[in-house]
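Residue numbers (the working numbering), protein chains in the order written: chain A, 9 to 117; chain B, 9 to 117.
Comments concern the structure below.
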DNA sequence: CTGACGCATCAACGAATCTTGATTATGGAG
DNA sequence: CTCCATAATCAAGATTCGTTGATGCGTCAG
């Protein structure tokens, strides 16, 4: 059933999103990016972390849609993606909200 | 330094919170709990999952503060904890908000 | 008391995740 | 072209996580 597939993809995306937020290094990166665009070298200095480590975490954040990147010469600049953050907040709001009439009718989920 | 310790504990708590949200089974549990209190047996039926598996995930959710439990006879009832969900939403809002004047003054983090 | 039920906990295993150091790819400087 | 800087990717190892089946603990019924 198509809706099943969609539900699956929806869940996968949500899982990836919260997984990306569930790591200290990645949260530190996001905190830094609140102050604006940063290149990887800025972050290695600020967080005192190896370059390959940051590349790894930046990829996780990017795959989750939490950041976007841009190349300028030999530098890669990373920026927060507020859209995805908003979606994350929405997902949480949904969890703490009462089920709709339609949801109550169909039982659940 | 005390503030360092506090910052560490704060980060740990945040990491645990989002980690708890980054699993399909746990998200399904939370979805069910939106409809109200449920015992473990309800959830094993609804999610078609082994009992020990649900116990494991419920513990993760409880340790993160996302649910609370209550014993009634031989049944354990689990309930959503909206406070923690609100905190999660706040954490995300902070990430997507512009840094305060004080934050900009002290550089960052 | 005894047996059954509901659930938590444990041990063991495979899978996923994170870190580190080395290698590769890309772009700019000389 | 050659060399250096920046960053992505890879391989290997350590750690954490999730699942399963077995065991233990508390509670109720008979």
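A virtual CB, placed ideally from N, CA and C, is assigned to each residue, including glycine.
In this structure, how does DSSP classify residue 31 of chain A when only helix, strand and coil are distinguished?
In the structure shown, residue 31 of chain A sits in coil (DSSP, three-state: anything other than H, G, I, E or B).
Taking Cβ-Cβ distances shorter than 9 Å, what residues in chain A pair up with residue 93 of chain B?
Under the 9 Å cutoff, chain A gives 100, 101, 103, 104.
Chain B partners of residue 72 of chain A, CB-CB under 9 Å?
Chain B residues near residue 72 of chain A: none, gap ~10 Å exceeds 9 Å.
Does residue 22 of chain A pass the burial test, meaning 16 or more other C-beta atoms within 10 Å, or should it be called exposed?
Residue 22 of chain A should be labelled buried.
Taking the straight line between their C-alpha atoms, what separation do you get for residue 79 of chain B and residue 74 of chain A?
Per the coordinates, the alpha-carbon of residue 79 of chain B lies some 40 Å from the alpha-carbon of residue 74 of chain A.
Is there a Cβ of chain B sitting closer than 8 Å to that of residue 26 of chain A, yes or no?
Yes, its Cβ sits closer than 8 Å to a Cβ of chain B.
Reducing DSSP to helix, strand and coil, say where residue 56 of chain A ends up.
Secondary structure at residue 56 of chain A: coil, using DSSP grouped into helix, strand and coil.
For the alpha helix (DSSP H) that contains residue 112 of chain B, what are its first and last residues?
Element bounds for residue 112 of chain B: 109-113.
7 Å Cβ shell around residue 68 of chain A - same chain, five flanking residues per side excluded
Counting only residues of its own chain and dropping the five nearest sequence neighbours on each side, residue 68 of chain A has a CB closer than 7 Å to the CB of 28, 34.
Would you mind stating whether residue 103 of chain B and residue 42 of chain A have Cβ atoms separated by less than 8 Å?
Cβ atoms of residue 103 of chain B and residue 42 of chain A: closer than 8 Å.
Taking residue 38 of chain A as the reference, which of A/24, A/90, A/83 has the closest Cα?
When A/24, A/90, A/83 are compared, the shortest CA-CA separation from residue 38 of chain A is found for A/90.
Is there at least one Cβ from chain A nearer than 8 Å to residue 32 of chain B's Cβ?
Output row for residue 32 of chain B: interface = yes.
Using CA atoms only, rank isn't needed, just tell me which of B/51, B/15, B/84, B/93 is closest to residue 116 of chain A.
Comparing Cα positions, the closest option is B/51.
At which residues does the beta strand (DSSP E) containing residue 88 of chain B begin and terminate?
Counting along the chain, the beta strand (DSSP E) containing residue 88 of chain B begins and ends at 83-88.
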